[in-house]
Amino acid sequence: MYLNADDLTPLYMQVAEWLELEILNGSLQSNEKVYSQYQLAEMFNINPATAAKGLSLLAEQNLLYKKRGLGMFVAPQAKEKIRAKRIKENLQQLVLQLVAEAKRLQLSQAELIAMIKNVDLPKEE
Amino acid sequence: MKNVECNRLTKKYGSIYAVNDLTFSIPENSITGLIGRNGAGKTTLLKMLAGFLLPSGGTVRILGQNPFNNLQVAANLIFIDDELALPENMNLGEILDTAATFYENWQPDIAYGLLDYFSLDLRSYYQQLSKGMKSTFNVILGIAARCPITIFDEPTVGMDAAVRKDFYRALLKDYLQQPRTIILSSHLLGEIEDLLDSILLIDAGKKCLHLSMDELRSYAVGLSGNSKLLHELVKEEDIIFRQQLGKDKIYLVVRNRKIDFSAARFKGLEIGPVPANDLCVYLTAKHKGGIDDVFKHS
Amino acid sequence: MMSLSTVNLLTNARRQFNYKLKANAGLFVSLLAVQMLAALLSANGTVSIGWGTGNSVAYLRLISGDVIIIFSLLWAFTAGLTVAANAQRYDFVFVTNRLSSNLSSMAVLFILSAGGGVSATLCGILLRAFLIITKDGFIFTNISPYVLLIGICSAVLYSLLFSAVGYFLGILAQRNKAYAILLPALFLGLLFVEARSVGGTRHILSVIHFFIRESSLLIFALKILLTVALLYGAAILIASKMEVRQ
């Protein structure tokens, strides 16, 4: 597995992002042990210190908690917190860009909404 | 503990400084990329770290000791470059067996496993290998020796892309199993940056930067837009790289300090990160405009 | 923290000795070649005198193993040069310091010299045996075991001396490439000057006499070993500040 090398988001943030998605899609459940920095380093072919930084980024946001000697675990309600955070930060930002672009292209609100409704996402497994 | 310490380290050949007043230290269990252009002094620096060359000034400390002519340092350090002088009459298997007698942490399984993986025959002779295969064999020695200080000087010379990728992966996996202090020199940062804790960038024998990879990523930003507006916003001394994009549009790479980003965005300037490799190239370039400067007046 | 390795000087020199014996194995092959060539050259006699009265002609040919010894000593000299050059290249790939490298080189040269000296002496005897079997009309001087032993000892000691001189010069040339040209030129120049100065003091000759005019084997051995020790000591001193893998 490789992280996106062209993406200029710092690697540790890409790691944190990937972990968030794992929690969001249910691959990692509440109170379940998450990957160690070494496992992550091996999975993504990155320096273990970078992977550790990704983990601590999530721990700082109380999405993960540490059990001494055992490693990091998914915090209860982590999924909800991530969802709320991403709506507030990512989605809002995306919508802002979306609306701005629609405005530049002189698209009406109704046309934009119709476009959104017509989007057919491929089914996720 | 600092495993590698250099203080005002200097190496002079005649009147030319190959390494000029370098001061830095590297902590144990980390991977450091030594980056610089050809002739920047990378090899000279590394050979002083390995105790092969005598400094003209300043000090080197490896594991707290002077490495020159030091058996204890030598027992804990391996230096791999692209021209190992190995005996013509010993085959690869015999060389591996010899290496095993010298290094306490030698991993025969990893050595033989890698040799097999890279399709190197135990019975072939080093001098008959192609350039890329020699490099491959060299890095196998470097990995399997598991020395607390492991130095690779341009280890991937002649390797094809697939082998290079495998080598970096092998190095990382072995590092995860047995963390140690690794220094990896290269003139290209792109391939190795994911592996690194930090980068030491040198230019003309002098230290340019010594930063963690994260610090490096936020060290500079790329700005593009109206050249007049941009020049009002940033100070001349902060400009690292300048490229004319259109009649009055310009792309600047600038030091990331005291820049009012919201004001910049407001004025319609585009702000973006700078790839680490590009940044290193810009920082070690003689001209702020790169190769374009040469053709400017013609 | 990764545990650090500690290594003892002699342990490391022993590992290096094993490595370098293998790495310099080619020298044994060249020794064999040199001695065979020398044996071939001396099979027809090293000195040949012929005289005749009337219609009968007599030839006296002296057969000796001297040529073999001389060739072997030249080989020992080049072996010293080779080991010195190889040490700088091969040793510093693996664990070493300058002293450890020199000690292991010395050990390798001891073995090579012993091999060279013993085989040169035995080769001379083999040559005689060959001639007894294949040709008639030879008068042989007997060789007692005691004489043979002395022969072997002195051949080995001479080999030691020649290889040590080669090694010392080899290290000197490593230190500064200019010596590689300067020293042979100096030596030849000295030879030339001495050959012309009939009445004057002859340094080279007196050096040679210092060794070969010694009648006591013990003192001879002492002289050689002391000289060898001095040469190696100087080599170690020169090498200790030397830069490698440049």
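Residue numbers (this note's numbering), protein chains in the order written: chain G, 1 to 125; chain Z, 126 to 423; chain W, 424 to 669.
For glycine and all other residues, C-beta sits at the position ideal for the given N, C-alpha and C.
In three-state terms, what does DSSP make of G/Ile46?
In the first sequence, residue 46 of chain G corresponds to position 46, counting from 1. Residue state, collapsed to three classes: coil.
Say whether chain W places a C-beta atom closer than 8 Å to the C-beta of Z/Arg186.
As a first step, residue 186 of chain Z is located in the second sequence; it is residue number 61 there, counting from the start. Answer no: the Cβ-Cβ gap between Z/Arg186 and chain W never drops below 8 Å.
Exposed or buried, which one is W/Phe585 when buried takes at least 16 other CB atoms within 10 Å?
Mapped onto the third sequence, residue 585 of chain W falls at position 162. With 16 or more other Cβ atoms within 10 Å, it is buried.
If you measure from the beta carbon of W/Asn525 to each beta carbon in chain Z, is any gap under 8 Å?
For the purposes of this step, residue 525 of chain W is taken as residue 102 along the third sequence, with counting starting at 1. No, because no Cβ of chain Z sits closer than 8 Å to the Cβ of W/Asn525.
Among the residues of its own chain, which have a CB less than 7 Å from the CB of W/Leu649, if the five just before and after it don't count?
Walking along the third sequence from the start, residue 649 of chain W turns up at place 226. Counting only Cβ-Cβ distances below 7 Å, and skipping sequence neighbours, we find nothing.
Which bits of chain G does Z/Arg271 rub up against, with CB to CB less than 8 Å?
As a position in the second sequence, residue 271 of chain Z is number 146, starting the count at 1. Those do not exist, as Z/Arg271 stays about 17 Å from chain G at its closest Cβ, beyond 8 Å.
What are the start and end residues of the alpha helix (DSSP H) that includes Z/His356?
Numbered from its first residue, the second sequence carries residue 356 of chain Z at position 231. Start and end: 352-358.
Take W/Val457 and list the residues in its own chain whose beta-carbon comes closer than 6 Å to its own, dropping the five residues that flank it on each side.
The residue given as residue 457 of chain W occupies position 34 in the third sequence. Excluding residues within five positions, the ones whose Cβ falls inside 6 Å are Phe494, Trp498.
Go through its chain and collect everything with a Cβ distance to Z/Gln190's Cβ below 6 Å, but skip five positions before and after it.
Mapped onto the second sequence, residue 190 of chain Z falls at position 65. Within the same chain, Z/Gln190 has close Cβ partners Val198.
When you compare each of W/Ala578, W/Leu571, W/Asn520, W/Ala462 to W/Ala662 by their alpha carbons, which one comes out closest?
Taking the first residue of the third sequence as 1, we reach residue 662 of chain W at position 239. Ranking the options by Cα distance to W/Ala662, first place goes to W/Asn520.
What number of angstroms, rounded off, separates the C-alpha of W/Ala537 from the C-alpha of W/Ala543?
For the purposes of this step, residue 537 of chain W is taken as residue 114 along the third sequence, with counting starting at 1. For the purposes of this step, residue 543 of chain W is taken as residue 120 along the third sequence, with counting starting at 1. Distance between the alpha carbons of W/Ala537 and W/Ala543 is about 10 Å.
Could you confirm whether any beta carbon from chain Z is found closer than 8 Å to the beta carbon of W/Asn520?
On the third sequence, position 97 is the one that residue 520 of chain W refers to. Yes, contact with chain Z.
If you draw a straight line from the C-alpha of Z/Leu188 to the C-alpha of Z/Ala175, how long is it?
Taking the first residue of the second sequence as position 1, residue 188 of chain Z is located at position 63. Taking the first residue of the second sequence as position 1, residue 175 of chain Z is located at position 50. Distance between the alpha carbons of Z/Leu188 and Z/Ala175: 11 Å.
Going by C-alpha to C-alpha distance, which of Z/Val185, Z/Ala210, Z/Lys127 sits closest to Z/Arg133?
Looking up residue 133 of chain Z in the second sequence gives position 8. It is Z/Val185.
Counting pairs of beta carbons, one from the stretch 278-293 of chain Z and one from the stretch 25-33 of chain G, are three or more of them closer than 8 Å?
At 8 Å Cβ cutoff, the stretches do not touch.
Please report the distance separating the alpha-carbon of W/Leu545 from that of W/Asp489.
Taking the first residue of the third sequence as 1, we reach residue 545 of chain W at position 122. Taking the first residue of the third sequence as 1, we reach residue 489 of chain W at position 66. If I take the Cα positions, the gap works out to 12 Å.
Going by beta-carbon coordinates alone, are W/Val506 and W/Val531 separated by less than 8 Å?
Taking the third sequence and counting its residues from 1, the one referred to as residue 506 of chain W is at position 83. Taking the third sequence and counting its residues from 1, the one referred to as residue 531 of chain W is at position 108. In this structure, W/Val531 lies closer than 8 Å to W/Val506 by Cβ.
Is there a Cβ from chain B that is less than 8 Å from the Cβ of W/Tyr513?
Checking the listed chains, one finds no chain B in this structure; the protein chains it contains are G, Z and W.
May I ask you to verify whether the stretch 317-325 of chain Z touches the stretch 156-170 of chain Z, counting CB pairs closer than 8 Å and requiring at least 3?
These segments touch.
Count the C-beta pairs between the stretch 358-372 of chain Z and the stretch 424-434 of chain W that are closer than 8 Å, then say yes if the count reaches three, no if not.
Touching, no, given that fewer than three Cβ pairs across the two stretches are closer than 8 Å.
Rounded C-beta distance between G/Asn47 and Z/Arg294? I'm assuming under 8 Å.
The sequence position of residue 47 of chain G within the first sequence is 47, counting from 1. The sequence position of residue 294 of chain Z within the second sequence is 169, counting from 1. With a Cβ gap of about 13 Å, G/Asn47 and Z/Arg294 do not count as contacting.
Closest by CA to Z/Leu245, which one among Z/Asp285, Z/Met258, Z/Pro304?
The residue labelled residue 245 of chain Z in the question sits at position 120 within the second sequence. Considering only alpha carbons, the answer is Z/Met258.
Thinking C-alpha only, which one of Z/Asp241, Z/Asp403, Z/His312 is nearest Z/Asn163?
Indexing the second sequence from 1 puts residue 163 of chain Z at position 38. If we check each option's Cα against that of Z/Asn163, Z/His312 comes out closest.
Strictly below 7 Å CB to CB, what residues from chain Z border G/Ala49?
As a working mapping, residue 49 of chain G is identified with position 49 in the first sequence. Neighbours of G/Ala49 on chain Z, chain order: Asp322.
Identify the continuous alpha helix (DSSP H) that holds W/Phe615 and give its terminal residues.
As a position in the third sequence, residue 615 of chain W is number 192, starting the count at 1. Note, W/Phe615: alpha helix (DSSP H), 601-619.
Give me the chain W residues within the contact set of Z/Leu196, using Cβ-Cβ distance strictly less than 9 Å, ordered along the chain.
Indexing the second sequence from 1 puts residue 196 of chain Z at position 71. Near Z/Leu196 (Cβ distances below 9 Å), the residues of chain W are Val430, Asn431, Leu432, Asn435, Val518, Thr519, Asn520, Leu522, Ser523.
In whole angstroms, what is the alpha-carbon distance linking Z/Asn381 and Z/Arg342?
As a first step, residue 381 of chain Z is located in the second sequence; it is residue number 256 there, counting from the start. As a first step, residue 342 of chain Z is located in the second sequence; it is residue number 217 there, counting from the start. Each residue's Cα considered, the two are about 10 Å apart.
DSSP state of Z/Trp231, grouped into three classes?
As a position in the second sequence, residue 231 of chain Z is number 106, starting the count at 1. Here Z/Trp231 sits in coil by DSSP.
Residues bridged to W/Trp498 by DSSP?
Here residue 498 of chain W refers to the residue found at position 75 of the third sequence. Answer is none; W/Trp498 lacks a bridge partner.
Closer than 8 Å is the cut-off here; do at least three beta carbon pairs connect the stretch 445-463 of chain W with the stretch 229-240 of chain Z?
Taking 8 Å as the limit for Cβ pairs, the verdict is that the stretch 229-240 of chain Z does not touch the stretch 445-463 of chain W.
Considering just the uninterrupted stretch of the alpha helix (DSSP H) at G/Lys103, what are its terminal residues?
The residue you call residue 103 of chain G lines up with position 103 of the first sequence. Where G/Lys103 is concerned, the enclosing alpha helix (DSSP H) stretches over 92-104.
Could you check where the alpha helix (DSSP H) with G/Leu19 kicks off and where it finishes?
Here residue 19 of chain G corresponds to residue number 19 of the first sequence, with the count starting at 1. Here the alpha helix (DSSP H) through G/Leu19 covers 11-24.
Helix, strand or coil for Z/Ala210? Go by DSSP, reduced to three states.
On the second sequence, position 85 is the one that residue 210 of chain Z refers to. Three-state result, Z/Ala210: coil.
Report the three-state DSSP secondary structure of Z/His412 (helix, strand or coil).
Within the second sequence, the letter at position 287 stands for residue 412 of chain Z. Note: Z/His412 maps to coil in three-state DSSP.
Under a three-way DSSP split, which group does Z/Gln190 fall into?
For this step, residue 190 of chain Z is matched to residue 65 along the second sequence. Strand at Z/Gln190.
Name the chain Z residues whose beta carbon is nearer than 8 Å to that of W/Leu444?
The count along the third sequence starts at 1 and reaches residue 444 of chain W at position 21. The contacting residues do not exist; W/Leu444 stays about 11 Å from chain Z at best.
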